[in-house]
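Per my numbering, the very first residue in the sequence shown carries number 3; after that it's consecutive.
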Amino acid sequence: MKLFYIYLILNLILLSKWIVDAQVCTNSDYPYKPGPSPTPSIPNRYSTRVEVNQLEDDRTYEMRAFFDSSKKKAALEIREDGLFKKLIFNYETDEIYSMKSQPTFDVPLVPPPDFQPLYPTTCETFQLSTNMSLNYYFGFTGSTTFLSPATAGTFFRLNTNNYAGEEEVRGIMCDVYASCQYNAATNSNYTLKLYFSKTNVEFPGNNASYPRVILRAKYSGAALKPDGSLKPFTNTFDYYEFRLDFERDDIFQTPGGVFCEKRKLTSIKPPKVSGGHLKFSEEIISKGVISHITDLVYDVDLQLVRYETRDRFGNDSEISYDKYPHVYVNDYTLGVSYITNKHTGKCRIETIDPFAFASDANFTQEMLNSDNGYAIRIKSPSSLLELDLDYIFTGQREIDGIMSDIFIAKSQLSKGITTINEYAFTPNDFVSQNLNQREKNIPKRLAKASPQSNFNSISTIYNFDTSEIININYFDVSQCYQKDSLVQFRLIFKPKSDIDLQILKRININQALTKNIYLALGKLSGEKSLRFSIPKITLADNGDVYVRSAILPGPEPLKLFTLFPKKLLTSTGFTLASNISSPLACALRCLQSTKCLSFDYNNNTKSCYLNEKHYSNGTFSTFTTAYDHYSRNSLNYVKFAEKYIVWSDLQLKVNSKSESFRFEVTDSNNQTFPVVLDAQLIEEVKNNENRFGSTALLSRYNLKKPNFKFSKNVGQLYKISIDECAKKCTDEIGVPCKSFHFCFLTSECLLTQETVTNDQSGYEANSYCDIYEKDSLIHYNIFRTKASINPKDKKFQNIQTPSECADKCDNELNINCKSFNFCPNTKECYLSERHLVDGSSSSNGDLVCDHYSRKYIEDFTYINTAEIPVNGEVVLKNMNSIEFCSFACVNSDGFNCKSFDYCSESKSCILNSGQKPIGSNIQNVEKDTCAHYRREYFVATSSKSKSNDSSSGTLVALSIIFAVVSVALGGIGTVFYLKKFGGRN
Numbered sequence: 003m004k005l006f007y008i009y010l011i012l013n014l015i016l017l018s019k020w021i022v023d024a025q026v027c028t029n030s031d032y033p034y035k036p037g038p039s040p041t042p043s044i045p046n047r048y049s050t051r052v053e054v055n056q057l058e059d060d061r062t063y064e065m066r067a068f069f070d071s072s073k074k075k076a077a078l079e080i081r082e083d084g085l086f087k088k089l090i091f092n093y094e095t096d097e098i099y100s101m102k103s104q105p106t107f108d109v110p111l112v113p114p115p116d117f118q119p120l121y122p123t124t125c126e127t128f129q130l131s132t133n134m135s136l137n138y139y140f141g142f143t144g145s146t147t148f149l150s151p152a153t154a155g156t157f158f159r160l161n162t163n164n165y166a167g168e169e170e171v172r173g174i175m176c177d178v179y180a181s182c183q184y185n186a187a188t189n190s191n192y193t194l195k196l197y198f199s200k201t202n203v204e205f206p207g208n209n210a211s212y213p214r215v216i217l218r219a220k221y222s223g224a225a226l227k228p229d230g231s232l233k234p235f236t237n238t239f240d241y242y243e244f245r246l247d248f249e250r251d252d253i254f255q256t257p258g259g260v261f262c263e264k265r266k267l268t269s270i271k272p273p274k275v276s277g278g279h280l281k282f283s284e285e286i287i288s289k290g291v292i293s294h295i296t297d298l299v300y301d302v303d304l305q306l307v308r309y310e311t312r313d314r315f316g317n318d319s320e321i322s323y324d325k326y327p328h329v330y331v332n333d334y335t336l337g338v339s340y341i342t343n344k345h346t347g348k349c350r351i352e353t354i355d356p357f358a359f360a361s362d363a364n365f366t367q368e369m370l371n372s373d374n375g376y377a378i379r380i381k382s383p384s385s386l387l388e389l390d391l392d393y394i395f396t397g398q399r400e401i402d403g404i405m406s407d408i409f410i411a412k413s414q415l416s417k418g419i420t421t422i423n424e425y426a427f428t429p430n431d432f433v434s435q436n437l438n439q440r441e442k443n444i445p446k447r448l449a450k451a452s453p454q455s456n457f458n459s460i461s462t463i464y465n466f467d468t469s470e471i472i473n474i475n476y477f478d479v480s481q482c483y484q485k486d487s488l489v490q491f492r493l494i495f496k497p498k499s500d501i502d503l504q505i506l507k508r509i510n511i512n513q514a515l516t517k518n519i520y521l522a523l524g525k526l527s528g529e530k531s532l533r534f535s536i537p538k539i540t541l542a543d544n545g546d547v548y549v550r551s552a553i554l555p556g557p558e559p560l561k562l563f564t565l566f567p568k569k570l571l572t573s574t575g576f577t578l579a580s581n582i583s584s585p586l587a588c589a590l591r592c593l594q595s596t597k598c599l600s601f602d603y604n605n606n607t608k609s610c611y612l613n614e615k616h617y618s619n620g621t622f623s624t625f626t627t628a629y630d631h632y633s634r635n636s637l638n639y640v641k642f643a644e645k646y647i648v649w650s651d652l653q654l655k656v657n658s659k660s661e662s663f664r665f666e667v668t669d670s671n672n673q674t675f676p677v678v679l680d681a682q683l684i685e686e687v688k689n690n691e692n693r694f695g696s697t698a699l700l701s702r703y704n705l706k707k708p709n710f711k712f713s714k715n716v717g718q719l720y721k722i723s724i725d726e727c728a729k730k731c732t733d734e735i736g737v738p739c740k741s742f743h744f745c746f747l748t749s750e751c752l753l754t755q756e757t758v759t760n761d762q763s764g765y766e767a768n769s770y771c772d773i774y775e776k777d778s779l780i781h782y783n784i785f786r787t788k789a790s791i792n793p794k795d796k797k798f799q800n801i802q803t804p805s806e807c808a809d810k811c812d813n814e815l816n817i818n819c820k821s822f823n824f825c826p827n828t829k830e831c832y833l834s835e836r837h838l839v840d841g842s843s844s845s846n847g848d849l850v851c852d853h854y855s856r857k858y859i860e861d862f863t864y865i866n867t868a869e870i871p872v873n874g875e876v877v878l879k880n881m882n883s884i885e886f887c888s889f890a891c892v893n894s895d896g897f898n899c900k901s902f903d904y905c906s907e908s909k910s911c912i913l914n915s916g917q918k919p920i921g922s923n924i925q926n927v928e929k930d931t932c933a934h935y936r937r938e939y940f941v942a943t944s945s946k947s948k949s950n951d952s953s954s955g956t957l958v959a960l961s962i963i964f965a966v967v968s969v970a971l972g973g974i975g976t977v978f979y980l981k982k983f984g985g986r987n
């Protein structure tokens, strides 16, 4: 204790000696003396460039100061001794971020993106309230829990109590203010002279509130050095570019990618990813190479991740992974990846690399020993997006034109290797609208850098969506198998009640049920859903739900294991089998056991050891040449049976009629309802791929009688696919086709004019055939608009669908129905005698209805087909369909069209003012086989008399739509020419 007091006394003596010897001035040397009005002051927000000259050291350096009192922020950039330094003063967190970088001559031609520094930068964090060597620049007030910067004049050591006259600075006459000051941070006493411009001098940095700008400060005094000696100094600070504002607030943020050690965590965190579903695409730039991960789909329910990339897979691969895009579907339950070349269609199945994209390789022994551990497991949504780090909010910065929230984190990859992640998210007040929902706080960009490994990358994220994955066709891997290797089947469900049936009729059944039934197939079989092809679903008229799918063979059994050659797991075998022919046979034995996680196979003795442990938590023996070790890709037991065993299990469960499933389905109004379906029947079906077709043509037809065909050949018979059959029926010229049956085993297509009835005498049962009937809407064009209602229109109520309204129009006898309005909200149907709606009168202007106009071909009757000259009163060329020809006849202005001939070979349309073509007997002109159609009713179509089909109040928008459709679909390049009978142009 005596030594302490001796030390204290010696220091007090030294300090008193310094005060006597080093005292340059006292406050009494500069008594109060006011200067010219107004007294100089410093604004609460400013920026300035400072040139510092230290005469005693023959040294010059430069600073830029930034200050904002309201935001409690300050920053100082310093360039000295060949270094770039920056200090950021964060008063809200009581921190100073001190950065240093070493400039080189290797300056990039293009500045780094995302506000990143030009040169490698290090950063340390200091406590602002206790670090006197740094906090003296701008000072502080308050306690450590509530700090604020000192007054704005602190940086300039502003004291204007003593006016010291006038002096010229850089050719500008200034008012000088002198004071005596002491700086505890540098143990110095000095005289300070401040030079302010006079009020009559204009600068870019002054205004009426601050008419005087500081130009210079001179410090003359002495500082006490650590060894007790004094160092006199004379420093001149010249202030340039003094501004009352500055362009960017991000000057108070640490530069992009710069992580400050020991920086405090912030209460603001990156948003959490809720749920278990993700969709996004990503562009990654690393070392000048651009790669893409597109259409990534993550589904935790299915334990599947799908994405597309062009990245190189390997030069030794039979698939050229570096040339064409490839689709990866990773199954993290079995630990296998389905990889398809999008260009060639080739597919291969590989074990997932534990370090592959979306794979989590961070295991602990505790994890591996637990029941929930995985050797290969799917990353969580947070881990996939690299959000499972301690991110620090650094402020906002513009990213792709959007002011974004910026977060930074540092992680340890391995010993001595760290990675710095900087994330940009859209702010809370920015809403992104995707196809399914509105998203806030979505990730925009992730910049990563590892200084030790010289690695860096920038990932731009787009099309981000967290809504539930409805379209599971993303995960279809059936193309990876030969078609004849599939077990194809049909599964029939029956709604539990009439309420369930009514709900099914209101929804898009494929959209609402596909994923539910896909999961149900997995539950029924005890297998992964990925063992099945994506179900195709149809609701029959009798209410049965028909599901078509197929059991896939699955990966080769050895693909479910990772090979460790010349290794043997010690003392873990629970079963030994001899005379096992191959590792494959041994793998099948392991897959059939609920205890087996790995096996060892002796290639010499053909012995197979099944193990309860895995390579991750077992112990390998010393080197052996006789054994190879195989560990399952997953540590948990996963059922994997041969396809016909799966089929047998399905038959037993379904045909017992004891399996019921409760699904949540969503209708078009986004309302959710429960639906209960009972599994009724399952049967194997051969070659059923074409039963449902692959185009949208079948959407125009209703499945009226599944498992039936017409008992007699009552129409045209073809041997074509179901898509071609639907097209034939749609495009039939002459006698209209109303329905067809298709038998997928024989590709039999029968077109008929018959409509489907409840009379069973015209049909015969056939489990490989279905009867389809044209939807009533097939000969109507829809115009989604707020349609007007004419009081003369015939009204029907309690109409549930547009098809039902179309039936009313087709079968109406009292009026010549040409169009109708269907109002979905009120379930009302209005039949009209006009193709277009009359906007001049409306019985209810608040009704929101869709307008359906009968196609113009329905105004005509087919007469016959004959070969005639392509000549007449009006001939239109390049008419791609008969629909455009009928439209031209009805809407011909100034020409009273009563019939037309459509020539499909030459795509010609001949309009006639009579019931037969004029000029059909002319010789030596082009001939074609043409179908003749006669107009069933006639209204004069000249511009002087035309009134019936469109009054002066007709919606102009609909007329424009018809014209646009005509040009876009069939009228491009159409040649119109008028030939008068008996004359030439």
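For each residue, glycine too, the CB sits at the ideal point set by N, CA and C.
Quiz item: For residue 648, which residues from the same chain have a beta carbon less than 7 Å from its beta carbon, with the 5 sequence-adjacent residues on both sides left out?
Solution: So the qualifying residues of the chain are 527, 529, 533 and 553.
Quiz item: Between the Cα of residue 55 and the Cα atoms of 865, 468, 238 and 103, which residue gives the shortest distance?
Solution: It is 238 whose Cα lies nearest to the Cα of residue 55.
Self-check item: Cut-off 8 Å between Cβ atoms - residues of its own chain near residue 70, not counting five sequence neighbours on either side
Solution: Close CB contacts of residue 70 within its chain, under the 8 Å cut and outside five residues either way in sequence, are with 46, 47, 76, 251 and 254 (chain order).
Quiz item: Hey, is the segment 810-822 in contact with the segment 510-522, meaning 3+ C-beta pairs nearer than 8 Å?
Solution: At 8 Å Cβ cutoff, the stretches do not touch.
Quiz item: For residue 380, which beta-bridge partners are listed by DSSP?
Solution: The partner list for residue 380 (beta bridge, DSSP) reads 361.
Quiz item: In this structure, does DSSP put residue 518 in helix, strand or coil?
Solution: Three-state DSSP puts residue 518 in a helix.
Quiz item: Can you list, in chain order, the residues of its chain whose CB lies under 8 Å from that of residue 843, leaving out five sequence neighbours each side?
Solution: Any reading at residue 843 must be qualified, since the residue scores a pLDDT of 46, below 50, and its modelled position is unreliable; no value is offered.
Quiz prompt | Segments assigned alpha helix (DSSP H), at least 4 residues, entirely inside the segment 714-741 | solution = Here the runs fully enclosed are 724-733.
Quiz item: Just the Cα atoms here: how many angstroms apart are residue 144 and residue 62?
Solution: The straight-line gap from Cα to Cα measures roughly 35 Å.
Self-check item: For residue 78 and residue 90, the rounded distance between their alpha carbons
Solution: Distance between the alpha carbons of residue 90 and residue 78: 7 Å.
Quiz item: Under 8 Å, do residue 582 and residue 608 count as touching if we go by C-beta distance?
Solution: With a cutoff of 8 Å on beta-carbon distance, residue 582 and residue 608 are scored as near each other.
Exercise. Please say whether residue 864 and residue 776 have beta carbons closer to each other than 8 Å?
Key: Here residue 776 is not near residue 864, since their CB atoms are 8 Å or more apart.
Quiz item: Which residues mark the beginning and the end of the alpha helix (DSSP H) in which residue 646 is found?
Solution: Start and end: 645-657.
Exercise. Helix, strand or coil for residue 933, going by three-state DSSP, please let me know.
Key: In the three-state reduction of the DSSP assignment, residue 933 falls in the strand class, which pools E and B.
Self-check item: Cβ neighbour criterion (16 or more within 10 Å) applied to residue 42
Solution: Counting Cβ neighbours within 10 Å, residue 42 comes out buried, since at least 16 surround it.
Quiz item: Per DSSP, what kind of secondary structure is residue 1076 in: helix, strand or coil?
Solution: What the structure shows of the chain is the stretch from 3 to 987, and residue 1076 is not part of that stretch, so it cannot be assessed.
Quiz item: Is the beta carbon of residue 751 sitting closer than 8 Å to the one on residue 710?
Solution: A distance of 8 Å or more separates the beta carbons of residue 751 and residue 710.
Quiz item: Fully enclosed by the segment 210-256, which beta strand (DSSP E) runs are 3 residues long or longer?
Solution: Listed in chain order, they are 216-226 and 232-245.
Exercise. Just list the alpha helix (DSSP H) runs in the segment 462-540, keeping only unbroken ones of 4 residues or longer that don't cross its boundaries, in chain order.
Key: Counting whole runs of 4 or more residues, the segment 462-540 contains the alpha helix (DSSP H) stretches 500-508 and 511-527.
Quiz item: Quick one: is the Cβ of residue 777 within less than 7 Å of any heavy atom of the ligand HEM?
Solution: The ligand content of the structure shown is nil, which means the ligand HEM is not present either.
Exercise. Using only alpha-carbon positions, find the residue among 339, 291, 406 and 288 that is nearest to residue 310.
Key: Closest option to residue 310, Cα to Cα, is 339.
Quiz prompt | beta strand (DSSP E) segments (min. 3 residues) lying fully within the segment 737-798 | solution = As far as the segment 737-798 is concerned, its whole beta strand (DSSP E) runs of at least 3 residues are 741-745, 750-754, 765-776, 782-786 and 796-798.
Quiz item: Between the segment 151-161 and the segment 189-198, do at least 3 Cβ pairs fall closer than 8 Å?
Solution: Per the Cβ contact rule, the segment 151-161 is in contact with the segment 189-198 (3 or more Cβ pairs under 8 Å).
Practice problem: Please name the residue, chosen from 585, 590, 810 and 224, that lies closest to residue 58 on a Cα-to-Cα basis. | Solution: It is 224.
Quiz item: Taking the DSSP output, what are the residues bridged to residue 77?
Solution: Answer is 68 and 90.
Exercise. Since I believe residue 307 is in contact with residue 380 (beta carbons under 8 Å), could you give me their beta-carbon distance rounded to a whole number of angstroms?
Key: Between residue 380 and residue 307, the beta carbon gap of about 6 Å places them in contact (Cβ cut-off 8 Å).
Practice problem: Could you tell me which residues DSSP puts in a beta bridge with residue 185? | Solution: Partner(s): 190.
Exercise. On a CA-only basis, which of 287, 745 and 278 is nearest residue 707? Give me that one, please.
Key: 745 is the residue among 287, 745 and 278 whose C-alpha sits nearest the C-alpha of residue 707.
Quiz prompt | Helix, strand or coil at residue 911 according to DSSP, with G and I counted as helix | solution = Note: residue 911 maps to strand in three-state DSSP.
Practice problem: Out of 570, 443 and 330, point me to the one whose CA is closest to residue 272's CA. | Solution: The shortest Cα separation from residue 272 among 570, 443 and 330 belongs to 443.
Quiz item: Going along the chain, which residues of its own chain have a beta-carbon closer than 6 Å to the beta-carbon of residue 215, five neighbours each way excluded?
Solution: Correct list, in chain order: 199, 205, 207, 208 and 244.
Exercise. Would you tell me roughly how many angstroms separate the C-alpha atoms of residue 318 and residue 570, rounded to the nearest one?
Key: Bear in mind that a pLDDT of 44 at residue 318, under 50, signals an unreliable position, so the model cannot answer this.
Quiz prompt | Rounded distance between the beta-carbons of residue 804 and residue 761, thought under 8 Å | solution = The C-beta separation of residue 761 from residue 804 comes to about 27 Å, leaving the pair out of contact by the 8 Å criterion.
Quiz item: Can you tell me the Cα-Cα spacing of residue 916 and residue 550, whole angstroms?
Solution: Cα to Cα, the separation comes out at about 53 Å.
Self-check item: Buried or exposed (CB count within 10 angstroms, at least 16 for buried), residue 291
Solution: Result: exposed.
Practice problem: With DSSP collapsed to three states, give me the class of residue 858. | Solution: Helix at residue 858.
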